[in-house]
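Residue numbers (our numbering), protein chains in the order written: chain A, 595 to 940; chain W, 595 to 940.
2 protein chains.
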Amino acid sequence: MKKAEINSTEIARLAGVSRSTVSRVINNYPNVPAETREKVMKVIRQYNYYPNMSAQVLAGKKTRTIGLFLIDAGHVSSDILTNMLISSVIENASAYGYYVLTNIIRNTQDQDAVRSVKEIFYQRRIDGGIFIGAANHEPLIEELIAEGFMIGIVDQHLPGRTEPNRIVANFDNDRGMELAIDYLAGLGHSKIGVINGDMKRQSGPSKYEGYLKAMAKRGFEVRPEWVLPGDFHQEAGYQAIQKLLQSASSLPTAIIAANDSVAFGAIQALHENGLSVPRDISVIGFDDHALSRMHQPPLTTIRVDFMHMMNRLTGALIKKIEQGADRFEPFTIGCELVVRDSCRPL
Amino acid sequence: MKKAEINSTEIARLAGVSRSTVSRVINNYPNVPAETREKVMKVIRQYNYYPNMSAQVLAGKKTRTIGLFLIDAGHVSSDILTNMLISSVIENASAYGYYVLTNIIRNTQDQDAVRSVKEIFYQRRIDGGIFIGAANHEPLIEELIAEGFMIGIVDQHLPGRTEPNRIVANFDNDRGMELAIDYLAGLGHSKIGVINGDMKRQSGPSKYEGYLKAMAKRGFEVRPEWVLPGDFHQEAGYQAIQKLLQSASSLPTAIIAANDSVAFGAIQALHENGLSVPRDISVIGFDDHALSRMHQPPLTTIRVDFMHMMNRLTGALIKKIEQGADRFEPFTIGCELVVRDSCRPL
DNA sequence: CTGAAAGCGCTTACAG
DNA sequence: CTGAAAGCGCTTACAG
Chain A
595 MKKAEINSTE IARLAGVSRS TVSRVINNYP NVPAETREKV MKVIRQYNYY
645 PNMSAQVLAG KKTRTIGLFL IDAGHVSSDI LTNMLISSVI ENASAYGYYV
695 LTNIIRNTQD QDAVRSVKEI FYQRRIDGGI FIGAANHEPL IEELIAEGFM
745 IGIVDQHLPG RTEPNRIVAN FDNDRGMELA IDYLAGLGHS KIGVINGDMK
795 RQSGPSKYEG YLKAMAKRGF EVRPEWVLPG DFHQEAGYQA IQKLLQSASS
845 LPTAIIAAND SVAFGAIQAL HENGLSVPRD ISVIGFDDHA LSRMHQPPLT
895 TIRVDFMHMM NRLTGALIKK IEQGADRFEP FTIGCELVVR DSCRPL
Chain W
595 MKKAEINSTE IARLAGVSRS TVSRVINNYP NVPAETREKV MKVIRQYNYY
645 PNMSAQVLAG KKTRTIGLFL IDAGHVSSDI LTNMLISSVI ENASAYGYYV
695 LTNIIRNTQD QDAVRSVKEI FYQRRIDGGI FIGAANHEPL IEELIAEGFM
745 IGIVDQHLPG RTEPNRIVAN FDNDRGMELA IDYLAGLGHS KIGVINGDMK
795 RQSGPSKYEG YLKAMAKRGF EVRPEWVLPG DFHQEAGYQA IQKLLQSASS
845 LPTAIIAAND SVAFGAIQAL HENGLSVPRD ISVIGFDDHA LSRMHQPPLT
895 TIRVDFMHMM NRLTGALIKK IEQGADRFEP FTIGCELVVR DSCRPL
């Protein structure tokens, strides 16, 4: 049923040249006269010939494919933010003529999952990979970097690890927290609590440290009972507030959530307990999630430009793939305050 | 810097067997004694050996990769629904041990875009592909099917085209429209307008025909000025309402939108023109978009299970890839009414 | 400017 | 049960 595949031998025969010349035409070698090139191209076009990718790669070409690895215990299909990251990488890579092989890893403790990621690299399915959502120190990633693979990582800070094939992208969480606290201070708040993110990931402790630093700068008291453990999911925000309301001797007037999803959960819990946002308590998020502006109340948050980050990270990875990794080049993306209606002046 | 790659020759040498035997172990041939197998496996594990994928494919193995092609003129990164489809296919394929190469096509008229899609197939990067968002008759897809590639298509109806390598998935739009109109009729509505979707896609005319059929069944009059052209984007809903309000001699009491995004746009336009939903006019959507339940007012809609569809379609495609395509097997996924607050009894 | 030949790393009839 | 060998379809020094 399937037509016989046409290959370079056949093209060579039809064009009256050798396979070497066909290959030179395909790969744009300069030492092919225009006339010969055109003669070969004509046959190529006529027969709809595309060189077999596996043969090209086996002979030494790049795959022009990058791997995208999302680490998330949740059901990614329904997470808007993660989904946006996926498309963002695809679109950026596509602009460079690269393809994206996307993978979702539920649990980095799962040996099968780890094996399957390694397989993709060792099999040479891809030229490099991008990891999103991993712990700050993830053995799998460290092994791949040690093996010399080109790896882009969102959200990592590992002092001293400056291999040239490690590309690191972070948001300026310090600055974000400072913006949030400056804004709240301007509204008259000084009793400010925080719901922490996942402390295994770099952005968890980094946001918390930013909070501590900004609170100290203002001379605001950090009350341990207002520092609530959590992670980056909505449910954690909900639970954090339940805990706060049950056990705290008094309440803060404002709370900064590790991200907007956490803020949604927190606000839900506050509402269920008869507290109104922002009347009784102000809440500020982090990310500027697609839903934040549609939320009730519209969420004041620290906007972070994920698309811009993925754009730079994808570009940097592809550059290293094509030009080689000469030195470690981490970068940081800024953030800005977006004022909506979830905070009120005191 | 990069370690020398280990290959099957090396593994064979270390295990004291031939490359043939190493290959038989890797491919689980039955005629290898447990003892030999274990001896080889030990070396494979010890040296972290994974067979080179390009070599395997060149020697006749499958790529175990499927292509996912999203056709959408909009900026996909921000479209929640499309993003959900992407993750859904990835997760389903992954369960079968397949990888997904995702591509976004802005315009099927763009020759470069078309060429790049063909290239992926002809280069043998993938074993098959899934197309979402294409016109009912898309020459690119028809060419690929004619070439014998395994193709899954969402939203297509081409009578007589029943090639075994064509896999077609549709929603039951007829039934969806019937549910919507039955519900509205139950609330006392009979003056029901419709905002059509993209008529080049199968779901456009198919929803419209469902509307006509259900209206006829009830004996409700179809007023041409209440049949509004559009497409599947929010802006189209907005424009359709603007046009309706400017030119119609009287207004319907209810409007069915081609999908929820269109409904959002329609409601926005109604509000901007001082009309309240559902007080002045009832609106019903289609899809049950992730935002529909958070919308103001929460949107009544016809829910359609995209995940289920992608699940079946991905499974069917992989089955055909592995077992061969023997016959044409289209399928249809049902839908259900989700009542929220955007319609009111008359 | 161009062709013959080696080589990339596998799989799989074939022969024993 | 197992090895030697052909073959998959390219690319790229090498030699001319």
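Heads up, the beta-carbon is just placed ideally off N, CA and C, and yes, glycines get one too. Remember, predicted model here, so these are calculated numbers, not experimental data.
Among A:Q703, A:S876, A:H731, the one whose alpha carbon lies nearest that of A:P939: On the first sequence, position 345 is the one that residue 939 of chain A refers to. Taking only the C-alpha atoms, the option nearest A:P939 is A:S876.
message: Going by DSSP, what residue range makes up the beta strand (DSSP E) through W:Y716?
response: On the second sequence, residue 716 of chain W is found 122 positions in, with the first residue counted as 1. For W:Y716, no beta strand (DSSP E) segment is defined; the enclosing uninterrupted segment is the alpha helix (DSSP H) at 705 to 716.
field: Short CB-CB distance (under 8 Å) between A:N853 and chain W
entry: As a first step, residue 853 of chain A must be located in the first sequence, where it is residue number 259. Closer than 8 Å: no.
query: How many angstroms separate the CA atom of A:K811 from the CA atom of A:D776?
result: Residue mapping note: residue 811 of chain A aligns to position 217 of the first sequence, counting from 1. Residue mapping note: residue 776 of chain A aligns to position 182 of the first sequence, counting from 1. Each residue's alpha carbon lies about 10 Å from the other.
query: Hey, W:T895 and W:D935: beta-carbon distance below 8 Å or not?
result: Position 301 of the second sequence, counted from the first residue, corresponds to residue 895 of chain W. Position 341 of the second sequence, counted from the first residue, corresponds to residue 935 of chain W. Going by beta carbons, W:T895 and W:D935 fall outside the 8 Å limit.
For W:A609, the nearest candidate out of W:S710, W:Y643, W:E599 (CA to CA): Start at 1 with the first residue of the second sequence, and residue 609 of chain W comes out as number 15. Comparing C-alpha distances from W:A609 to each of W:S710, W:Y643, W:E599 shows the shortest one belongs to W:Y643.
field: Cutoff 8 Å: W:I698 Cβ touching any chain A Cβ
entry: For the purposes of this step, residue 698 of chain W is taken as the residue at position 104 of the second sequence. W:I698 counts as touching chain A.
field: Beta-carbon gap between A:G804 and A:G831 smaller than 8 Å
entry: Here residue 804 of chain A refers to the residue found at position 210 of the first sequence. Here residue 831 of chain A refers to the residue found at position 237 of the first sequence. Not in contact: A:G804 and A:G831 (Cβ atoms no closer than 8 Å).
- prompt: Along the region 637 to 648 of chain A, what residues have a CB closer than 9 Å to any CB found in chain W?
  reply: Flagged, chain order: N642, Y643, Y644, P645, N646, M647, S648.
task: Would you kindly report the start and end of the unbroken alpha helix (DSSP H) that includes W:G859?
output: Here residue 859 of chain W is taken as the residue at index 265 of the second sequence, counted from 1. Per DSSP, W:G859 belongs to the alpha helix (DSSP H) from 854 to 866.
For A:V694, the residue or residues it bridges with in DSSP: Taking the first residue of the first sequence as position 1, residue 694 of chain A is located at position 100. Secondary-structure assignment with DSSP links A:V694 through a beta bridge to A:I660, W:T696.
- prompt: With C-beta atoms as the reference, is A:I878 less than 8 Å away from A:A774?
  reply: Residue mapping note: residue 878 of chain A aligns to position 284 of the first sequence, counting from 1. Residue mapping note: residue 774 of chain A aligns to position 180 of the first sequence, counting from 1. Inclusion of A:I878 and A:A774 in the CB contact set at 8 Å is warranted, their separation being smaller than that value.
- request: Kindly give me the distance between the Cβ atoms of A:I849 and A:V788, rounded to whole angstroms, as I take these residues to be in contact under 8 Å.
  value: Mapped onto the first sequence, residue 849 of chain A falls at position 255. Mapped onto the first sequence, residue 788 of chain A falls at position 194. About 7 Å separates the beta carbon of A:I849 from that of A:V788, a gap short enough to meet the 8 Å contact definition.
Of the listed residues W:F826, W:I835, W:I735, nearest to W:A852 (C-alpha basis): In the second sequence, counting from the first residue as 1, residue 852 of chain W sits at position 258. Relative to W:A852, the option among W:F826, W:I835, W:I735 whose CA is nearest is W:F826.
field: beta strand (DSSP E) runs wholly inside the region 831 to 856 of chain W, at least 3 long, in chain order
entry: Entirely contained in the region 831 to 856 of chain W, the beta strand (DSSP E) runs reaching 3 residues are, in chain order, 848 to 851.
- prompt: Hey, would you say A:N677 sits closer than 8 Å to W:M904, going by beta carbons?
  reply: Residue 677 of chain A sits at position 83 when you count from the first residue of the first sequence. Residue 904 of chain W sits at position 310 when you count from the first residue of the second sequence. The answer is no: Cβ separation not under 8 Å.
message: Measuring only the C-alpha atoms, how far is A:A628 from A:S681?
response: Reading the first sequence from its first residue, position 34 is the one you call residue 628 of chain A. Reading the first sequence from its first residue, position 87 is the one you call residue 681 of chain A. Distance between the alpha carbons of A:A628 and A:S681 is about 40 Å.
message: Between A:L940 and chain W, is the shortest Cβ-Cβ distance under 8 Å, so that the two count as touching?
response: In the first sequence, residue 940 of chain A corresponds to position 346, counting from 1. So, not an interface residue.
Which listed residue (W:R921, W:F880, W:I912) has its alpha carbon closest to that of W:I684: Within the second sequence, the letter at position 90 stands for residue 684 of chain W. Per the C-alpha coordinates, the member of W:R921, W:F880, W:I912 positioned closest to W:I684 is W:I912.
message: For W:D776, report the span of its alpha helix (DSSP H) as first-last.
response: Along the second sequence, read from residue 1 onward, the residue named residue 776 of chain W stands at position 182. W:D776 -> alpha helix (DSSP H) spans 767 to 780.
- prompt: For W:D899, which residues from the same chain have a beta carbon less than 7 Å from its beta carbon, with the 5 sequence-adjacent residues on both sides left out?
  reply: Here residue 899 of chain W refers to the residue found at position 305 when the second sequence is read from its first residue. Excluding residues within five positions, the ones whose Cβ falls inside 7 Å are I927.
message: Along the chain, where does the alpha helix (DSSP H) containing W:T615 start, and where does it finish?
response: Position 21 of the second sequence, counted from the start, is the residue given in the question as residue 615 of chain W. Here the alpha helix (DSSP H) through W:T615 covers 613 to 620.
field: Closest Cα partner of W:L695 within the set A:T702, A:T657, A:Q703
entry: Counted from its first residue, the second sequence places residue 695 of chain W at position 101. Of A:T702, A:T657, A:Q703, the residue nearest in Cα terms is A:T657.
query: Expressed to the nearest angstrom, what Euclidean distance is found between the alpha-carbon atoms of A:M595 and W:N790?
result: Here the question's residue 595 of chain A lines up with position 1 in the first sequence. Here the question's residue 790 of chain W lines up with position 196 in the second sequence. Low confidence applies to A:M595: its pLDDT is 34, below 50, so where it sits in the model is not reliable enough to give any reading.
query: With a cut-off of 8 Å, does the C-beta of A:V694 fall near any C-beta of chain W?
result: Here residue 694 of chain A refers to the residue found at position 100 when the first sequence is read from its first residue. Closer than 8 Å to some Cβ of chain W, the Cβ of A:V694 qualifies, so yes.
- prompt: Per DSSP, W:G746 forms a beta bridge with which residues?
  reply: What you label residue 746 of chain W is simply residue 152 of the second sequence in a count that begins at 1. Checking the DSSP bridge columns, you'll see W:G746 partnered with W:I724, W:I761.
- request: Mind listing the chain A neighbours of W:Y623? Cutoff is C-beta to C-beta under 8 Å, in chain order.
  value: In the second sequence, residue 623 of chain W corresponds to position 29, counting from 1. Simply none; closest approach about 20 Å.
task: Excluding the 5 residues preceding and the 5 following A:G746 in the sequence, name in chain order all residues of the same chain whose CB lies nearer than 6 Å to its CB.
output: For the purposes of this step, residue 746 of chain A is taken as the residue at position 152 of the first sequence. Counting only residues of its own chain and dropping the five nearest sequence neighbours on each side, A:G746 has a CB closer than 6 Å to the CB of I724, I761, L907, L911.
- prompt: For the alpha helix (DSSP H) that contains A:L738, what are its first and last residues?
  reply: For the purposes of this step, residue 738 of chain A is taken as residue 144 along the first sequence, with counting starting at 1. Counting along the chain, the alpha helix (DSSP H) containing A:L738 begins and ends at 733 to 740.
- request: Report yes or no: is there a C-beta of chain A within less than 8 Å of the C-beta of W:N701?
  value: Here residue 701 of chain W refers to the residue found at position 107 of the second sequence. False, the Cβ-Cβ gap to chain A never drops below 8 Å.
- prompt: Rounded to a whole number of angstroms, what is the C-alpha to C-alpha distance between A:E538 and A:P799?
  reply: Because chain A is modelled from 595 through 940, residue 538 of chain A falls outside the range shown and cannot be assessed.
task: Output yes if chain W places a C-beta closer than 8 Å to the C-beta of A:S688; else output no.
output: As a first step, residue 688 of chain A must be located in the first sequence, where it is residue number 94. Yes, A:S688 lies at the interface with chain W (some Cβ there is under 8 Å from its Cβ).
- request: Could you check what DSSP says for A:E930 in three-state terms: helix, strand or coil?
  value: As a working note, residue 930 of chain A is residue 336 in the first sequence. The answer is strand: DSSP assigns A:E930 an E or B state.
Touch test, the region 808 to 822 of chain A against the region 862 to 874 of chain A, Cβ-Cβ under 8 Å, three pairs minimum: The region 808 to 822 of chain A, when compared against the region 862 to 874 of chain A, does not touch it at the 8 Å Cβ threshold.
message: Helix, strand or coil, according to DSSP, for W:L940 in the structure here?
response: Stepping through the second sequence from its first residue, residue 940 of chain W is reached at position 346. In the structure shown, W:L940 sits in coil (DSSP, three-state: anything other than H, G, I, E or B).
field: Residue from A:D666, A:D792, A:P624 whose Cα sits closest to the Cα of A:I726
entry: Counted from its first residue, the first sequence places residue 726 of chain A at position 132. The residue with the shortest Cα to Cα distance from A:I726 is A:D666.
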